[in-house]
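Count the sequence shown with our numbering and you get residues 4 to 157, in order.
The beta carbon of each residue, even a glycine, is placed where N, CA and C say it ideally should be.
The block underneath contains the structure these notes are about, expressed in structure tokens.
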Amino acid sequence: MVGTLVLSLPSAHTGGELVIGHAGQSRTYRASKTELSLVAFYADCPHEVTPVRSGYRVTLTFNLLAERGAPEQESGPLDDMAHCLEQHFDAPARPRYGGRHLDPPRRLVYLLDHEYTQRALGWDRLKGADAERAALLRAAADQGGARRYSPSPR
Numbered sequence: 004m005v006g007t008l009v010l011s012l013p014s015a016h017t018g019g020e021l022v023i024g025h026a027g028q029s030r031t032y033r034a035s036k037t038e039l040s041l042v043a044f045y046a047d048c049p050h051e052v053t054p055v056r057s058g059y060r061v062t063l064t065f066n067l068l069a070e071r072g073a074p075e076q077e078s079g080p081l082d083d084m085a086h087c088l089e090q091h092f093d094a095p096a097r098p099r100y101g102g103r104h105l106d107p108p109r110r111l112v113y114l115l116d117h118e119y120t121q122r123a124l125g126w127d128r129l130k131g132a133d134a135e136r137a138a139l140l141r142a143a144a145d146q147g148g149a150r151r152y153s154p155s156p157r
């Protein structure tokens, strides 16, 4: 599951706002009394519905699933990324605080923007910018002959 879609049917009510957090910010969505309202958000976004104080709030809630194929990449960004990876693994690490000379790094760790459970962590389950960046990193690693490790559940 990559996200949730909430479809609110028109109804007269007070309260029942949908509050969604994302990237350190919070937004509040109020359903319309006269029209359908749609709100979609990523599965890892914290959210809550405030209590309905009067009337009825009627919603249909859907889990959003995605099947991803390998996205097509333009050669420019791929070549740039492959060059950056090559430089990363060929350049010796800078000594810290007058310490000893360090060999080139053997690993590259990339932090993701979204939160994933162990079960939901996989190349084909990444979301948004995480999926795009991971696809570019994978293609660049393949082009440069680097080994890559899958983000698989333990």
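Here L10 carries a strand assignment [DSSP, helix/strand/coil]. Secondary structure at Q121: coil, using DSSP grouped into helix, strand and coil. Taken through DSSP and simplified to helix, strand or coil, R141 comes out as helix.
Counting C-beta pairs closer than 8 Å gives fewer than three between the stretch 48 to 68 and the stretch 83 to 92, which falls short of the contact rule. In the three-state reduction of the DSSP assignment, L114 falls in the coil class, being assigned neither a helical nor a strand state.
For the set R97, H104, G79 and R110, the Cα lying nearest the Cα of A142 is the one of G79. In the DSSP assignment, R109 falls outside any beta strand (DSSP E) and carries neither an H nor an E. Under the DSSP assignment, A43 falls in the beta strand (DSSP E) whose first and last residues are S40 to Y45. Look at E135 here: in three-state DSSP terms it is helix.
Closest by C-alpha distance to A15, out of K36, V42 and L8, is K36. L63 sits in a strand when the DSSP states are folded into three classes. For the options D116, K130 and A26, the alpha carbon positioned closest to that of M4 is the one of K130. When DSSP states are grouped into helix, strand and coil, R97 belongs to the coil group. Beta-carbon to beta-carbon, F65 and L12 are separated by about 14 Å, too far to satisfy the 8 Å threshold. As far as DSSP is concerned, R128 takes part in no beta bridge. The stretch 43 to 51 makes no contact with the stretch 87 to 94, as fewer than three CB pairs between them are under 8 Å.
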